[in-house]
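A quick write-up on the structure given underneath.
Chains as they are written, first to last, in full-length UniProt numbering: chain A, 1 to 535; chain B, 1 to 535.
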C-alpha cells in the first residue's frame, strides 16, 4: 500500500464520489468494468481522491477494490473505501464491516458517522454517547492499522439546526481521534449558500478541525453551497462527475473544479487537465449510459452555443464580449446554432464554420433562412444535424441538391417467429449512374437491415462507402399538436474513421425517418470523400 | 389597458421571461399557440410579470401580444413587452422599434440597455454619453405614454468589473428617468454568489435604485446568484420556467420561488400555487416539447425518489429524516425505486405502494430482488415502468405470470412506395381462451400497426381493451458494451381514461421491444379492469 501525494499538494482535496454516491442516481447501474473505466477517467482528470464504493457491503464493490489496485496505475488519485462506524455496543477491532474496509487495501477510508441526534436515536437506535464512542473507536482503530481516515458527518446541517452542540461534538470526536478531515454533509440537500457559509465558519472556529463539504442539489445550489463552504474555510470538496447522485444529484465536480481553477485562481488539477474536462464529462456519461446533458455548465454542447440573431451579429465583432470564459480552457467549443430565430448573421457565420462561402448574396441567405424555418416547422432540427444542414446549404448555393442515387422504393420486414427469434429483412430499389439496382439484406433490426441493403446496393458503384460506420442512432417522438398525428425524428451519427457527422430524418414513422437520415448520411459521406454528384 | 396589482403586493416581483429569454434555448421553437398556453400556466402559477417577447421584432411576438390581451383573462400576472432603447442619434418618440413596444398594448415594458462600456463602443457603436441619453430619453418617453418601465442592464456584472462608475451611471440614469426597477443582468453567466452579493449591495448603496437580478447559469449558480442578490436587497427576480434559456440556461423559476417561499418564508405566490409547481413545470416542458428533466430540484420525478437500501430501511421509521421538505408542498411525491441496489426494504415498500402484500416471506422478496437484478442486467428498467414491475411482482407472488393471451408470432412490414407514401402493415397470430386468432391491421407506423392488429385480435374476447389508449412512446438505444450488439429499450405509457401506466420492453430491435411493452401494457390494462387470467 503506497501513499502518494495529491496532484498538487494535500492542502486542498478534490474528492470524487461518483462511484459510490453518484451511483445512487436513478437509472445508473454500474458493473465492475464500468467502475474501473470511470476510475481511469477520474484519475486522468486529476482528482486527488476516488471513493470507489463500500467494500464488503456488496460483492461488486469488493471486486472493484481488488481489481482497481491490480489493474490501474493511478497517476493522481488515491483510492478511498467508504464504510460506516462500528456497530453499537461492539468494538471496531472485531467488527466485520470495519474489517472489510481494511481488507479492501484502500489507503484512505471515509467513515460515515451520524451527526444528527434524532438520526442516532431513530435510525441507529443507540444513545448519543455510544455514537460518539463508535466514531472514536472506529477512527482510532483504522488509524492504528495505518490508514488515513476522513469522516463524513451525515445530515450535519439538519443536525446542527436541531442540536448544534451535539453535531459539533461529533466533529470534535472524529478529529481528535485522528480523522484528517471531517466532512459536513448536507445529506438531504436542503441548504442554501448563506446558511452553509455561516455553519462552516462557526464549526471551524469552534472545533479547529479541518473541514470538507458534501452537498446534495435538492435546492439547485449544490455547486454554490460547495463554493460557500470553501469561502468559509473548507479545504476538501466532495463531488460527483456530472452531478450524478441520489434524488436531484450531488455537487457537480466539473463546475466546482472549473470555478476553483478559473474563478478562484486555485490550482487543484494537474497541468492541462482542465482542457480535458468536456471530453471526460461526456466519456463518463457514456459509461454510465446516460446521454450527456446538453445544458451542463462548461461542458454541455450548448454551453457555448449562440442562437439569438442579436448576439450573433455582435459575436462577429468580439466573441469575448459574449462568453464568460474561453471555451477551449475546458475543452469545449463555441457553436453557432441554426434555427428559425437565428436570422442572417447566424447563417452566414455557420456557413463560414462549414467552409461554404455565402458571399454577400442576401437573397441566398434569405432563401436558406426560409428553408430552415419551413423544415423546422415539420420537425427537423439542424442544431444537432450539421451534415444535413450542410447538404441543405449546398443545395441552395449550388441550385440543386447533391445526389449520388435516387431511391425508387424500399421495404422492411420484421418477423417474430414462433421460436422467439426475429427475422429482419430489407429490400431497396434505387437508381445510381443510370443503373437500376435491387438489393436485399438482413440485419439485427429493420434499420440495420435497411442500412445493409443500401450498402449492398451502392458499394460496387461507390467503394468509398465501405469505411462508413453508423456510430449513434437516436429516436425522438415529437408530440402531435392540435390534432395532428405525432411524428418521429431520427438523428444518426456516421463516421468514416476520421470524423463523425450527424444527419436528421423526420417522418410519420421511425423506419421512414431512419431512411431519410441514412440517405443524408451516405450522401454526406460521399461528399466528404470528394465524389462528384451523379444524379 | 388595466394595471392590476401583483398576486401579493408590488414590494417583490417574480418576473418570468420564459417566453422571451427562455425561448433562446437550443431546441426550443415556440408558436404563438405555445406562447399563449405557457402564459396561461405561468399566470395560474401566480408570477407577477410575464415577459412575452419583443413586439415588432418578429411577427410572432407581435401577434402574441395582440392575442394574449384578447384571449387570456390574467388572474395574477401583468404582461411585459421587451425591447431596446432607441437608436443612437434619434429620438425615442420617433423610433419605430420603441413605437412597436407601445403599440403592443403591454402595460409594462422592459428595456434592455447597455451597461458595459466596451459593449457600448463595439456592439452598439456609439459614445458612452449617447448611450446614457438613449436610456434617459426612452424611459422618459415610455413613462410619458403611461407605461411602467423596467430597465435590464445587459452585461452589468462584467461591465461593473471593467468600469464600475459607468455601469452605475446607467443604473442611476434609468432610475432617475422613471424606471421602477433596474435589473442587473449577468448576461454571460460567469458570476458566483459572493460576487453578485457584493456588487448588488454596493450598487444599492451607491445609487438608491430599486434593483432586480437576471442570472444566467453558466457557472451552475444561477439560482444561488438570484438568491444572493435578494440577500443583498434586490426585490425583483427574473427567471424562466425549468431554467430554459440560451447556452446553459437562465435562473430556474421553480427552485428560486420554492426557496423564497419555503426557505425564506416569503409569500411571493398566491395561496395554494406552490402545490401546483410540479404539474406546471411538467406541463410547460410538454408545450416546449422537451422531456421534463427527471432530476430538476423540487419538481423532477427523481427529486424525492429514494434508491439506497440503507435509506429505504430508515425511511420506514420517519420519512422527514430523509427529505428536506414534504414533497406535497410542491405537488411532488416520494417514490421508492426498484433497482438492483434497492435490496429488500425497497421491494417491500414498493409492494406496499402497489397494494401487493409480500407478508413476511423473505424467500419471496429475495426471489423478486434476484429477478429484478437479472432483468436489469438485460437492459430492463423498472424505475420508469411500474406496471411491468407489478406484473413481475404478481407473477412471483402468484407463482405464475398473468396471461390473457399467448403470442404465436407477428410480422410488421414497412414499405416506401415510389410515390413517396408509406404502407405499414402488421399481422399477429395468437391464442386466447383456447382460440387461435390471426389478425392484420394497418397503421401510421409499424408499432401503430402492431398495436391495432393486437386490438383487432383481442377486442372481441376482451371488450375492456376498447378504452385503452397509447399515451406516450419512448425509445432508448442502449449502447453495446465489450463487443455485444446494442439493444433497444422501449417505454410505453398507456391510459384507460382513469389512470396511466408504464411498461417496458427490451430487445435487439425497436419493433420487438415495442411488442413486449405492448403485451405488458394490454395485460396490465386487463388486470386493472379486474379480468381473470385465462392462459
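For every residue, glycine included, the Cβ atom is placed at its ideal position computed from N, Cα and C.
Closest option to residue 46 of chain B, judged by alpha-carbon separation, among B:281, B:137 and B:21: B:281. Interface flag for residue 304 of chain A against chain B is set, since a Cβ pair is found closer than 8 Å. For residue 394 of chain A, the CB contacts under 7 Å within the same chain, skipping 5 residues up- and downstream, are 356 and 402 in chain order. For residue 456 of chain B, the enclosing alpha helix (DSSP H) starts and ends at 446-458.
For a cut-off of 8 Å, the C-beta gap from residue 303 of chain A to residue 223 of chain B is around 17 Å, too long to register as a contact. With contacts defined as CB atoms closer than 8 Å, residue 388 of chain B and residue 301 of chain B fail to qualify as a contacting pair. Measuring C-alpha to C-alpha distances from residue 518 of chain B to each of B:530, B:529, B:509 and B:502 identifies B:502 as the nearest. In this structure, residue 284 of chain A sits near residue 242 of chain A, with a CB-CB distance shorter than 8 Å. Three or more Cβ pairs closer than 8 Å define a contact, and the segment 95-110 of chain B meets that threshold against the segment 146-157 of chain B. For the pair residue 466 of chain B and residue 489 of chain A, the Cα-to-Cα distance works out to about 29 Å. Residue 432 of chain B has a beta carbon lying at 8 Å or more from every beta carbon in chain A. At a cut-off of 8 Å between beta-carbon atoms, residue 381 of chain B makes contact with chain A. Restricted to the segment 30-74 of chain B, the beta strand (DSSP E) segments that are unbroken, complete and at least 3 residues in length are 49-53, listed in chain order. Sequence-distant Cβ neighbours of residue 496 of chain B in its own chain, meaning closer than 8 Å and more than five residues away, are 467, 468, 469, 525, 528 and 529. In the three-state scheme derived from DSSP, where H, G and I count as helix and E and B as strand, residue 119 of chain A is classed as helix. The DSSP assignment places complete beta strand (DSSP E) segments of no fewer than 3 residues inside the segment 147-190 of chain B at 148-154 and 181-186, in order along the chain.
No Cβ of chain A is located within less than 8 Å of the beta carbon of residue 41 of chain B.
Apart from sequence neighbours up to five positions away, the residues of its chain that approach residue 254 of chain B with a beta-carbon distance below 6 Å are 277, 281, 298 and 299, ordered along the chain. Not one beta carbon of chain A lies nearer than 8 Å to the beta carbon of residue 453 of chain B.
Judged by DSSP in its simplified three-state form, residue 532 of chain B adopts coil rather than helix or strand. Put simply, the segment 131-147 of chain B touches the segment 170-188 of chain B. At least three CB pairs are less than 8 Å apart.
In the structure shown, residue 280 of chain A falls within a helical segment according to DSSP collapsed to helix, strand and coil. At the C-beta level, residue 165 of chain B and residue 115 of chain B stay beyond 8 Å of one another. When only Cα atoms are considered, residue 42 of chain B and residue 520 of chain A end up about 41 Å apart. At least one beta carbon of chain B lies nearer than 8 Å to the beta carbon of residue 323 of chain A. Between residue 114 of chain B and chain A, the shortest Cβ-Cβ separation is not below 8 Å. Under the rule that a run must span 4 or more residues, the alpha helix (DSSP H) segments found entirely inside the segment 195-251 of chain B read 222-231.
The residue from A:231, A:244, A:31 and A:127 with its alpha-carbon nearest to that of residue 259 of chain A is A:231. Here the alpha carbons of residue 417 of chain B and residue 427 of chain B stand approximately 20 Å from one another. The three-state reading of DSSP puts residue 356 of chain B in coil, since its state is none of H, G, I, E or B. Within the segment 485-528 of chain A, the beta strand (DSSP E) runs of at least 3 residues that lie entirely inside it are, in chain order, 487-495 and 500-507. Pairing residue 441 of chain B with residue 225 of chain B, the inter-Cα distance amounts to about 57 Å. Secondary structure remark: continuous beta strand (DSSP E) runs of at least 3 residues inside the segment 354-433 of chain B, in chain order: 406-416 and 422-432. Along the segment 222-233 of chain B, the positions whose C-beta sits under 8 Å from a C-beta of chain A are 223, 224, 225, 227, 228 and 231, read in chain order. Shown here, residue 324 of chain A sits in coil according to DSSP, grouped into three states, outside any helix or strand.
Between residue 508 of chain A and residue 445 of chain B, the C-beta spacing is below 8 Å.
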